[in-house]
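Asker: Provided herewith is a single structure, encoded as structure tokens, for subsequent inquiry.
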Amino acid sequence: MLLTAQNISYILPNRETLFSNVQVSLNKYEKAAVAGDNGTGKSTLLKILAGVLPPNNGTVTRNAPVYYVPQHFGQYNHLSVAAALGIQAKYNALNAILGGDTAEHHFEALADDWELLTRCEQAFEQWNIPYISLEQSFTQLSGGEKTKVFLAGIRIHQPACVLLDEPTNHLDADSRQRLYEWVAHPSTTLLTASHDRQLLELCQPIWELQATGIKSYGGNYSFYEEKKAEETTALQHKIAHAEKTVKAAKLQQQEAIERKQRENARGKKQAKKGDIPKILLNGRRIQAENSLAKIQEVHTDKVTSLQAGLEKVSAGAQVSRIMKGHFEKADIHTGKILVKADALQYSYVYASPLWQEPLSFTIMSGDRLAISGSNGSGKSTLVKLITGNITPQHGNLYRAPVNCLVLDQEYSVIDRNKTVLEQAESFNDLHLEPAMVKTILVRFLFDKEAWDKPCAVLSGGEILRLSLCCMTLRSQTPDVIILDEPTNNLDLTNIKMLTQIFAAYKGTLIVISHDSVFLEETRIHKVLQL
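Each step along the sequence shown adds one to the number in numbering that gives the first Met the number 0, with nothing skipped, and position 380 is 379.
Take a look at the structure:
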């Protein structure tokens, strides 16, 4: 075994236990993946396994060199590319020796790694970033370039085991394919935390991280999804049973209360006749009151617990049903020209034109279009042109007057300075009464306690639900919905919900995404390649 963790637990600064009793082992040539909803601690677990973060309890044993590719790179922005890769000392030593400096400490620092520069060149070529220098500042790189640099580090360091945290988030289609090919290689050993279903198909087993430990599924993502579907079906039966139990508990509660009230009433009649001594009567009255309070407490807790469980299980399905109903009310025509571009071109200040050839295309109402291209090909800029946020510098662009909504990877329709309720009210084009807006928020699983919560502290799934909630508060369903990398910051549960929702949308759908499964399941049938 290359990597073993025993009884790992991690406690958050607020003293809440994130997870406990995690026990895993990774064997040579095994390709495991960690799944779980956002907030369960997948990134934290990978940091612990990589040695970046210490656990509160338990031990991690690494029997071979481990290389870690993080999800976020802000901690490296003050470094050079070489320093971010952890090869700065060797790089400096090699340059000094090649420059004629034969001091002993340079040879000690290099440790006979004379092929370092060759491996760097080959690795950067492999990930299509040969233009990046080891000496340049890491902060100058785009998100995709930073990820590629760290992926290039695999070939540079040649570790026995690799830990990848959401490695495809910023990668274009070509780079994703290159990663899939590396993962599929028989000699690869890795553990990844990812929501990329195509990547997860190449991994087995799937480890689902839960608060109480790891639940292992001994197959790839399709196997995992099949087993989860079986569990969901079983859970649906439990839900049906729980609903009956809730009704029975309420009825039992009412009967118990009525029975105690009758007993109390009989006790009062006996007291008036003087059949029972006063001290005994008071004792019975106190006993009856305590018994009644205990019954109420027990049954109320039981009902509340069951209802909470039902709401948690059915949350995604509830939001999907609401959105499907909202889309079905839309009066959307097909076959109308919405956007027509002729020799369209754009360039930023002091930069070359974005596209080698000017763009000419037509978007019709009812189209389900993917805008495809590598990182930096101008996909998001084209969306700004289509929505009228910027104007073309060359060529002609016709835009029909339509109701358009853009959901980007940051979900910028949500104002992080507002509370949940203020955000919903700002979209209330229907001029609904405040009480109705609150009712709609509850339908999207934002209860009274969440209304005053700042949007800035919401999770990715909550931001998605609030965005969808705001959509239903508009005066009409959008004629055009543009999704710009909408799945990047979502977990598998919310990706599935998002997929179901936009597969049901009957208007014009324009999607920028490198997630081929998402594109297929949302029924994209046209591609505009940049």
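Ideal placement from N, C-alpha and C gives every residue a C-beta, glycine not left out.
#1: Mind reading off the beta-carbon distance from A564 to Q87? Whole number of angstroms is fine, and I expect it under 8 Å.
#2: From R398 to K335, what does the alpha carbon distance come to, in whole angstroms?
#3: Spell out the partners DSSP gives N56 in its beta bridges.
#4: Distance check for S19 and L529, CA to CA, integer angstroms please.
#5: Contact defined as beta carbons within less than 8 Å: I believe D574 pairs with N37. What is the distance between those atoms, to the nearest angstrom?
#6: If you draw a straight line from the alpha carbon of V456 to that of A350, how long is it in whole angstroms?
#7: Secondary structure at K437, three-state DSSP: helix, strand or coil?
#8: Cα-Cα, which of T380, I389, G394, A369 is closest to K339?
#9: I need the straight-line Cα distance from L518 to A316, nearest angstrom please.
#10: How would you call G143, buried or exposed, if buried means at least 16 neighbouring beta carbons within 10 angstroms?
#11: Cβ of A192 within 8 Å of Cβ of V23?
#12: How is V51 classed by DSSP in three states: helix, strand or coil?
#13: Please name the residue or residues paired with H393 in a DSSP beta bridge.
#14: Could you give the distance in angstroms between the alpha-carbon of P185 and the alpha-carbon of D164?
#15: Does the structure place the region 405–416 close enough to the region 485–501 that three or more beta carbon pairs sit under 8 Å?
#16: Excluding sequence positions up to five away, which residues of its chain have a Cβ less than 7 Å from the Cβ of W354?
#17: Please tell me whether I523 and V382 are closer than 8 Å, where the distance is taken between their beta carbons.
#18: So, is E124 buried or exposed, given that buried needs 16 or more other C-beta atoms within 10 angstroms?
#19: With DSSP as the reference, label K214 as helix, strand or coil.
#20: Express the C-alpha separation of S141 and T187 in angstroms, rounding to a whole number.
#21: Compute the distance between the beta-carbons of L467 and F443, then report whether it is under 8 Å.
#22: Using 8 Å for Cβ pairs, my map puts V401 next to D478. What's the rounded Cβ distance?
#23: Is there contact between the region 354–367 and the region 417–430, where contact requires at least three CB pairs shorter than 8 Å?
#24: Please report the distance separating the alpha-carbon of P453 from that of E424.
#25: If S371 and V526 are in contact, beta carbons under 8 Å, what's the gap, nearest whole angstrom?
#26: When DSSP labels each residue in this structure, what does I413 get in the three-state scheme?
#27: Could you tell me the boundaries of the beta strand (DSSP E) in which A369 lies?
Answerer: With the structure as the only source:
#1: This structure cannot settle anything about residue 564, because the visible part of the chain is limited to 0 through 529.
#2: 11 Å
#3: S8
#4: 47 Å
#5: Outside the modelled stretch of the chain, which goes from 0 to 529, sits residue 574, for which no answer is possible.
#6: 37 Å
#7: helix
#8: G394
#9: 21 Å
#10: buried
#11: no
#12: coil
#13: Q344
#14: 21 Å
#15: yes
#16: Q344, G377, L529
#17: no
#18: exposed
#19: strand
#20: 27 Å
#21: yes
#22: 4 Å
#23: no
#24: 14 Å
#25: 5 Å
#26: coil
#27: 367–371
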